[in-house]
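Going down the list, the protein sequences come from chains U and C.
Heads up: the first sequence begins at 0 in numbering that gives the first Met the number 0, then just goes up one per residue.
Heads up: the second sequence begins at 0 in numbering that gives the first Met the number 0, then just goes up one per residue.
Even glycine gets a Cβ: it sits at the ideal position worked out from N, Cα and C.
Model, not experiment: these values are computed from the prediction.
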Amino acid sequence: MNGRVNLMNFNIDLIIQSFPLLILGAGITVQITAISVGLGLVIGMFVGIARICRVTPLRWLAAVYIDFLRGTPLLVQIFLIYFALPIILNQRVDPFIAAITACGINSGAYIAEIFRAGIQAIDKGQMEAGRSLGMTWVQTMRYIIVPQAFKNIIPPLGNEFIALLKDSSLVSVIGFEELTRRGQLIIARTYGSMEIWLSVAIIYLIMTLAISRLVAYMEKRLKTS
Amino acid sequence: MIDIKDLRKSFDDHEVLKGINLHINPQEVVVIIGPSGSGKSTLLRCMNMLEVPTSGRVVVDGIELNGEANINKAREEIGMVFQRFNLFPHMTVLQNITLAPRKVRRISQEEAEKTAMELLTQVGLADKADAYPPQLSGGQQQRVAIARALAMHPKVMLFDEPTSALDPEMVKEVLDVMKDLAHKGMTMAVVTHEMGFAREVGDRLLFVDDGMIIEQGKPKEVFENPQEDRTKLFFSKIL
């Protein structure tokens, strides 16, 4: 061998041995992504609506929220929540809570913009029809505008889910053991950089492809209904 | 029923309504005609505050349209039918009609559906209760829109060019429903280009141009013997 590094050194056994651990990590990645997008969806809906409501301070607050979270790196936001927030709270923040909070409020800002665009794409005659029937602005939003907007925003929402699934790898820096962090830990033990990073990349790819197919399917079904 | 005093409306620096005074009596059918851009639709939309006047006052059924609460309350009594129907595409015909009565009037689902079916029968669409609006023709959609407005049991109905977006063969079915409504004693304000309807159903004809009521009177008299030059000019172009 003479210490030469070539593809012949590729250690399939290492991949097979590490696979269960990596899959567990992938499960956690999916979990924090799903919880974060769920959180982001709730935040995004309210912030997105606030962004276009008639109450000026609310509109202004929503704009600040969106600008701040889209204008600063997610990594820095994770540090802020995991390292800076405990100083204010005088209490340690659990890595899982820190991870979903950071990812959730971050995706909330992006989803808010998706919602705003989705709502503004609805014909303004819909709001007029609702209001002319005596419904309040909130009722019309709730029963007429938002349900229609939801249908329109499924494709961009799918993209946001995929983006967050990849960005969730950033929470590995606070030691939270999702897919990327698991990979790092296995490499620290086995030095199998090539095998493990390749496996990690392929697992991410399989997950993102699966999600984009799922979104395409949902889009098609909604279109026909 | 509707009382409008010195109503003015400007969009930016363009004054669309230049001081309108109008009183509409209960059970009266007022037809508003005029060239496009004359302000007739804006006038109608001020009657339920879809357009907020720059100045003046609008009183409907004794409620002055000022402040959110008053406006919502008044709108319960004012049905509106739009040129583009504006049905809710994600709901069935039945859901379109029952939504506001349930959420605004707080009546039960069963009662709302019973009323909705009666109204659908009245407009000849009882078999379409479970259809979605995009599956219906324009004329059918507009009849559903009328039923939806009627489900609130309004005291006034506003029609904003209700047949302008329809194919010619569907105009009659909508006008027939409106005629029927007028004969049942509904108070109506109708912006339209249908001169036949104006003549036959209208109690009063309003000719609006350049943001002002130029001339008004019994439709037959205005049509046959217009007093103002602008009215004559308008008729010479369309009749």
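Within a 10 Å sphere around the beta-carbon of Lys123 of chain U sit fewer than 16 other beta-carbons, which makes this residue exposed. For Gly117 of chain U, no CB of chain C lies under 7 Å from its own CB, so it is not counted at the interface with that chain. In this structure, the CA atom of Gly138 of chain C is about 38 Å from the CA atom of Gly157 of chain U. Contact between the segment 79–86 of chain C and the segment 107–126 of chain C is absent, with fewer than three C-beta pairs closer than 8 Å.
Residues of the segment 13–39 of chain U with a C-beta atom less than 7 Å from some C-beta of chain C do not occur.
Assigned with DSSP and collapsed to three states, Gln215 of chain C falls in strand. In this structure, DSSP gives Val92 of chain C a helical state, which the three-state scheme calls helix.
Between Leu169 of chain U and Leu73 of chain U, the gap from beta carbon to beta carbon is short of 7 Å. The beta-carbon separation of Gly24 of chain U and Glu177 of chain U, rounded to 6 Å, stays under the 8 Å limit for a contact. Neighbours of Glu75 of chain C in chain U, taken as residues whose beta carbon is under 9 Å from its own, are Leu132, Gly133 in chain order.
Considering only beta carbons, the part of the segment 137–168 of chain U lying closer than 8 Å to chain C consists of Gln138, Tyr142, Ile143, Pro146, Gln147, Lys150, in chain order.
In the structure shown, the three-state DSSP call for Val80 of chain C is strand.
The criterion of a C-beta distance shorter than 7 Å is satisfied by Ala120 of chain U and Asn151 of chain U.
Here DSSP, grouped into helix, strand and coil, assigns His22 of chain C to strand. Using a Cβ distance threshold of 7 Å, Thr32 of chain U and Ser192 of chain U do not count as a contacting pair.
By the CB criterion at 7 Å, Gly210 of chain C and Leu16 of chain C fall inside the cutoff.
Non-local beta-carbon contacts of Glu227 of chain C in its own chain, meaning distances under 7 Å to residues more than five positions away in sequence, involve Ile213, Glu214 in chain order. For Gly37 of chain U and Ala108 of chain U, the gap between their C-alpha atoms comes out near 13 Å. Cβ contact annotation for Ile153 of chain U (same chain, cutoff 7 Å, sequence separation greater than five): Val214, Met217, Glu218, Leu221, in chain order. Taking the C-beta atoms as reference points, Val176 of chain C is found no nearer than 7 Å to Thr162 of chain C. The segment 152–186 of chain C is shown to contain whole alpha helix (DSSP H) runs of 4 or more residues at 167–182, in chain order. With at least 16 other beta carbons inside 10 angstroms of its own, Gly103 of chain U counts as buried. Fewer than three Cβ pairs drawn from the segment 177–195 of chain C and the segment 101–108 of chain C lie within less than 8 Å of each other, which leaves the two stretches out of contact. Arg130 of chain U and Val51 of chain C have their alpha carbons spaced roughly 13 Å apart.
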